[in-house]
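In this text, residue positions in the sequence shown follow our numbering: the first is 1, and each later residue adds one.
Cβ atoms here follow ideal geometry from the backbone N, Cα and C, with glycine treated the same way.
Here is the structure we will look at.
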Amino acid sequence: AAGSGNLGFRIDDARFVGAYHDLARGLNDTLQTVSAPLLNASSLLERVAAREHTVRVTRGDDGDFRKLNHALNEAVSNVAGALSDVERAAIQVSSAAGQLSAGSRQLAEGSNTQSLTLQEVSGSLQVLDARTHSNAENAERALGSMEQMRLTAEEGVQRMESLSATVDEIRASAEGTSK
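This is the structure:
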């Protein structure tokens, strides 16, 4: 069941006695220990997908799960930062558009001010161009962060599948031995 994605499945350890009972209970405990951080990470990613960019993993896990939690928190922070950069850039673009509009009005006022106005517009376009390139780079970083989060989640799923396969082998061996 765990191999097919059902991380809530547990072995009915009451059906066993002695070492088999202990083994079944140990597998259940292991599956619980492994699935809890993954389910928490999945919940966090669902909230990020719902545009909650302030969520963070607050579990006090150890070892590789601590690394996973840290990576998720860093990725969410990076995405939030990139989106904040995009928002600031949009405000700057709006401001630059306003400057262009003001420049057009000044251009109509007379030929003496045309040269100065065109220089201002040119400078604004250069700033806009630089900001546009910066926005594109920020968007690429955000995509890279999301891809890293996806790869990390896939790695977690692969590890769970490997664990499930091991549990199935142990169960099959235990059932073979019990016969």
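Going by beta carbons, L68 and G156 fall inside the 8 angstroms limit.
Within 10 angstroms of the beta-carbon of I11 lie 16 or more other beta-carbons, which makes it buried.
8 angstroms or more divides the Cβ of V55 from the Cβ of L38. Taken through DSSP and simplified to helix, strand or coil, I11 comes out as coil. With respect to T177, A71 sits apart: the two C-beta atoms are not nearer than 8 angstroms.
Contact annotation: V86 and N73 have beta-carbon atoms that are not nearer than 8 angstroms. Proximity to V127 across R47, A97, A165, S164 peaks at A97, based on C-alpha coordinates.
Here G176 carries a helix assignment [DSSP, helix/strand/coil].
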